[in-house]
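Notes follow the structure.
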Amino acid sequence: MTQFFEQISIGEKLELGQHTFSSDEIIRFAEKYDPQPFHLSEEEAAKTHFGRLCASGWHTSAVFMKLFVAKSDALHRQALEEGRTPARYGPSPGFEDLKWIKPVYAGDTLHYTRIVTGKTESRSRPQWGLLHSDMLAHNQDEKLVFSFKATVFVERLPR
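In my numbering, each number is its position in the sequence shown, counted from 1, plus 22.
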């Protein structure tokens, strides 16, 4: 996430990191942000279609964002340490197609990745390009459990 628009390749994959969801963490998040029975206790979750305590989809999304920002910050620091000028990343005009495909149960470990799927030159901001990516999370069994399509502005090489 330090490359300029022209340096990024479609198909490029970036490992963002992993996270293991504990029962205590799932419950703490749910108590604050998503107090549905299947996120609040094993006993209540057992009475639902999930059958076990599982993380809120918003929790899996929040962990994605934490790992994405941490990876971005680490790559930015690395570029500076190597004497490279990192590209600026601008705002995101939005995302689409957010899917919570499979439940994330207590004890599951998700591996988050970004895969570049496309690039669009910005007509209104010629010094920027739009980077399109699939954001994905797979569990420890390599099953896809979370995905969305993201778009973000990326600085172009100086002319």
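Idealized CB from N, CA, C, for every residue including glycine. Since the model is a prediction, treat every value here as computed from it, not as a measurement.
| query | result |
| --- | --- |
| If contact is defined by three or more beta carbon pairs under 8 Å, each pair taking one atom from either stretch, is the region 126-135 in contact with the region 160-171? | yes |
| Please look up how many angstroms separate the CB atoms of residue 169 and residue 121, rounded, as I've assumed it's under 8 Å. | 5 Å |
| Could you compute how far the alpha carbon of residue 85 sits from the alpha carbon of residue 173? | 19 Å |
| Per the DSSP calculation, residue 112 is bridged to which residue(s)? | Bridge partners of residue 112: none, in fact. |
| Thinking just about the alpha-carbon of each residue, which of 53, 165 and 70 is nearest to the one in residue 62? | 53 |
| For residue 169, which residues does DSSP report across the bridge? | 121 and 158 |
| Which same chain residues, not among the five before or five after residue 58, have their C-beta less than 8 Å away from its C-beta? | 52 and 78 |
| Check residue 37 in the structure and name its three-state DSSP category. | strand |
| Suppose you measure from the CA of residue 31 to the CA of residue 106; what does that come to, to the nearest Å? | 19 Å |
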